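Enquirer: Got a structure for you, written out below as structure tokens; questions coming shortly.
Number of protein chains: 2
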Amino acid sequence: MIDHIDKAILTVLQEDSTLSVAELADRVHLSTTPCWRRIQKLENDGIIARRVALLDAEKLNVGVTVLVEIRTAQHTAAWLKRFCEVVDGIPEVIEVYRMSGHIDYLLKVVVPHIAAYDGVYKRLISELEIFDVSSSFSMETLKHTTRLPLDYVS
Amino acid sequence: MIDHIDKAILTVLQEDSTLSVAELADRVHLSTTPCWRRIQKLENDGIIARRVALLDAEKLNVGVTVLVEIRTAQHTAAWLKRFCEVVDGIPEVIEVYRMSGHIDYLLKVVVPHIAAYDGVYKRLISELEIFDVSSSFSMETLKHTTRLPLDYVS
DNA sequence: TCTGAAAATTGTGCCCT
DNA sequence: AGGGCACAATTTTCAGA
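Line by line, the protein sequences give chains A and B. Residue 1 is where the first sequence starts when you use the numbering used here, and the numbers rise one by one after that. Residue 155 is where the second sequence starts when you use the numbering used here, and the numbers rise one by one after that.
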């Protein structure tokens with residue numbers, strides 16, 4: 001369903017989606033029309049979910065990443081629904097996972113500095129009934145990519 | 155330096171960068187030329203870092219996210235350098251943070267299923283001298299966005 | 001399914017306000 | 001700064017091989 005040419009196209013588009021179809025076609029050794037049709041198909045199939053601009057976190061003054069481990073007091077569907085609504089409404093919270101093991105939820109939060117995290121923390125504990133919160137601060141981002149591996153798809 | 159019109163432009167582009175300049179200009183109540191000039195400036199200033207295609211993790215068969223906490227045996231610059239090289243070379247590892255506190259590094263890894271994580275784990279422990287590894291599996295992604303908050307920039 | 005070219009749309013620069 | 005207009009480039013469609 002996805003051959004090596006599609007993978008080549010996706011590899012390029014995951015890095016840079018500003019290239020013209022003609023330039024992209026060149027790189028994958030195709031001419032523009034077939035390349036364009038493949039891109040169209042990848043979009044229709046939802047393989048390409050969206051195209052977005054990635055902004056510079058430092059320049060937006062949100063250079064500090066905080067990982068927040070949360071344990072809930074109530075394991076109910078209602079609590080989960082409320083939890084989703086609350087984290088959805090906090091723009092500093094950019095990722096939320098429900099985890100296996102002793103940590104119930106893990107959040108990734110971006111803020112200008114460690115002190116600014118306090119506002120997000122207070123908002124979480126005031127809007128939600130939480131059993132335990134543990135926050136770890138990232139000192140340095142060593143790798144950060146939106147590029148997913150294409151090795152497992154066929 | 156970044157006014158509310160720039161923020162409006164960035165808000166749209168963080169969601170969808172496929173819009174034409176004319177359409178984007180419409181949405182921020184500007185005509186195309188000044189809108190285009192603002193976009194140009196945001197790119198030159200590096201506020202807009204890049205434009206990429208975001209792919210569907212499920213459809214690429216990497217629907218399982220693993221959070222890996224690593225403690226190192228050696229706190230040396232050489233070890234860190236080697237560590238960066240190794241994680242850089244593993245496409246399943248998409249984020250790596252150096253943390254404060256008792257966890258030295260945190261990795262975000264994407265794989266098709268929990269069993270497939272074993273390959274990444276073995277690669278990590280074979281290529282690096284590691285004191286302790288603790289892996290947690292995400293059962294569900296409740297929120298995941300590349301949209302950074304624009305509330306802290308001026 | 002590819003190539004090549006035409007038609008439609010969009011990006012880019014110039015000049016004016 | 002913003003707006004209007006003209007031209008360049010690119011996307012998208014459509015013919016033929």
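Glycine included, C-beta positions come from ideal geometry on N, C-alpha and C. The structure displayed is predicted, hence computed values, not measured ones.
1) Does DSSP put ARG301 of chain B in a helix, a strand or coil?
2) Do LEU296 of chain B and ARG50 of chain A come within 8 Å of each other at the CB atom, strictly closer than that value?
3) Using three-state DSSP, classify SER138 of chain A as helix, strand or coil.
4) Measure from the C-beta of ASN61 of chain A to each C-beta in chain B and report whether the shortest distance is under 8 Å.
5) Measure the C-alpha to C-alpha separation of SER135 of chain A and LEU67 of chain A and round it to an integer number of angstroms.
6) With a 10 Å radius around its C-beta and 16 neighbouring C-beta atoms as the bar for buried, classify GLU58 of chain A as buried or exposed.
7) Following the continuous beta strand (DSSP E) through ALA203 of chain B, name the residue where it begins and the one where it ends.
8) Secondary structure at ILE5 of chain A, three-state DSSP: helix, strand or coil?
9) Within 10 angstroms of its Cβ, does LYS276 of chain B collect 16 or more other Cβ (buried), or is it exposed?
10) Considering only residues of the same chain and omitting the five flanking positions on each side of GLU197 of chain B, which have a CB-CB separation below 8 Å?
11) Taking the beta strand (DSSP E) that THR226 of chain B belongs to, which residues open and close that run?
12) Under 7 Å, CB to CB, which of the residues in the region 262 to 295 of chain B have a partner in chain A?
13) Give the secondary structure of GLU127 of chain A by DSSP, where H, G and I count as helix, E and B as strand, and everything else as coil.
14) Taking the Cβ atom as the reference point for each residue, do ALA227 of chain B and PHE291 of chain B lie within a distance shorter than 8 Å?
15) Under the assumption that ILE224 of chain B contacts ASP258 of chain B (Cβ atoms under 8 Å), give the Cβ distance between them as a whole number of angstroms.
16) Could you tell me whether the region 228 to 247 of chain B touches the region 163 to 177 of chain B, where touching means 3 or more Cβ pairs closer than 8 Å?
17) Please list, in chain order, the chain B residues whose beta carbon lies closer than 8 Å to that of HIS29 of chain A.
18) Using CA atoms only, rank isn't needed, just tell me which of A:LEU128, A:ASP45 and A:VAL21 is closest to PRO34 of chain A.
19) Return the first residue and the last residue of the beta strand (DSSP E) that LYS108 of chain A is part of.
20) Using a beta-carbon distance below 8 Å, is ARG37 of chain A in contact with chain B?
21) Considering Cα atoms alone, identify which of B:THR299, B:ASP305 and B:VAL206 is closest to ALA116 of chain A.
22) Note the first and the last residue of the continuous alpha helix (DSSP H) segment covering GLU212 of chain B.
23) Does the CB of ILE311 of chain B have a neighbour CB from chain A at under 8 Å?
24) Is it buried or exposed, THR65 of chain A, if we count other Cβ atoms within 10 angstroms and call 16 or more buried?
25) Given that THR65 of chain A touches chain B, what residues does it touch there, using C-beta distances under 8 Å?
Expert: The short version:
1) Position 147 of the second sequence, counted from the start, is the residue given in the question as residue 301 of chain B. Note: ARG301 of chain B maps to coil in three-state DSSP.
2) Numbered from its first residue, the first sequence carries residue 50 of chain A at position 50. Numbered from its first residue, the second sequence carries residue 296 of chain B at position 142. Cβ atoms of ARG50 of chain A and LEU296 of chain B: not closer than 8 Å.
3) Numbered from 1 along the first sequence, position 138 holds the residue referred to as residue 138 of chain A. Three-state result, SER138 of chain A: strand.
4) Locating residue 61 of chain A in the first sequence gives position 61, where the first residue counts as 1. With 8 Å as the cut-off, ASN61 of chain A counts as an interface residue toward chain B.
5) Along the first sequence, one-based indexing puts residue 135 of chain A at 135. Along the first sequence, one-based indexing puts residue 67 of chain A at 67. SER135 of chain A and LEU67 of chain A: Cα-Cα distance of roughly 6 Å.
6) The residue given as residue 58 of chain A occupies position 58 in the first sequence. Counting Cβ neighbours within 10 Å, GLU58 of chain A comes out exposed, since fewer than 16 surround it.
7) Here residue 203 of chain B refers to the residue found at position 49 of the second sequence. Its beta strand (DSSP E) spans residues 202 to 209.
8) As a first step, residue 5 of chain A is located in the first sequence; it is residue number 5 there, counting from the start. In this structure, ILE5 of chain A counts as helix in the three-state DSSP scheme.
9) Along the second sequence, read from residue 1 onward, the residue named residue 276 of chain B stands at position 122. It counts as exposed.
10) Taking the first residue of the second sequence as position 1, residue 197 of chain B is located at position 43. In its chain, beyond the 5 residues on either side, no residue has a beta carbon closer than 8 Å to the beta carbon of GLU197 of chain B.
11) Residue 226 of chain B sits at position 72 when you count from the first residue of the second sequence. Taken as a continuous stretch (DSSP letters only), the beta strand (DSSP E) holding THR226 of chain B covers 218 to 226.
12) VAL264, PRO266, SER290, PHE291, SER292, MET293, GLU294 and THR295
13) Reading the first sequence from its first residue, position 127 is the one you call residue 127 of chain A. Here GLU127 of chain A sits in helix by DSSP.
14) Within the second sequence, numbered from 1, the residue matching residue 227 of chain B stands at position 73. Within the second sequence, numbered from 1, the residue matching residue 291 of chain B stands at position 137. Not a contact, by the Cβ cut-off of 8 Å.
15) Against the second sequence, residue 224 of chain B aligns to sequence position 70. Against the second sequence, residue 258 of chain B aligns to sequence position 104. ILE224 of chain B to ASP258 of chain B, Cβ: 6 Å. Contact.
16) In short, these stretches do not touch, since the Cβ pair count stays below three.
17) Numbered from 1 along the first sequence, position 29 holds the residue referred to as residue 29 of chain A. Going along chain B, no residue has its Cβ under 8 Å from HIS29 of chain A, so there is no contact; the nearest lies around 20 Å.
18) Position 34 of the first sequence, counted from the start, is the residue given in the question as residue 34 of chain A. Nearest option by C-alpha distance: A:VAL21.
19) The count along the first sequence starts at 1 and reaches residue 108 of chain A at position 108. Per DSSP, LYS108 of chain A belongs to the beta strand (DSSP E) from 105 to 111.
20) Here residue 37 of chain A is taken as the residue at index 37 of the first sequence, counted from 1. No, no contact with chain B.
21) As a first step, residue 116 of chain A is located in the first sequence; it is residue number 116 there, counting from the start. Nearest of B:THR299, B:ASP305 and B:VAL206 to ALA116 of chain A, Cα basis: B:ASP305.
22) The count along the second sequence starts at 1 and reaches residue 212 of chain B at position 58. Where GLU212 of chain B is concerned, there is no enclosing alpha helix (DSSP H), because DSSP gives it neither an H nor an E.
23) No information on residue 311 of chain B is available, as it lies outside the stretch 155 to 308 that chain B covers here.
24) Along the first sequence, read from residue 1 onward, the residue named residue 65 of chain A stands at position 65. Buried, by the Cβ-count rule.
25) In the first sequence, counting from the first residue as 1, residue 65 of chain A sits at position 65. Neighbours of THR65 of chain A on chain B, chain order: TYR251.
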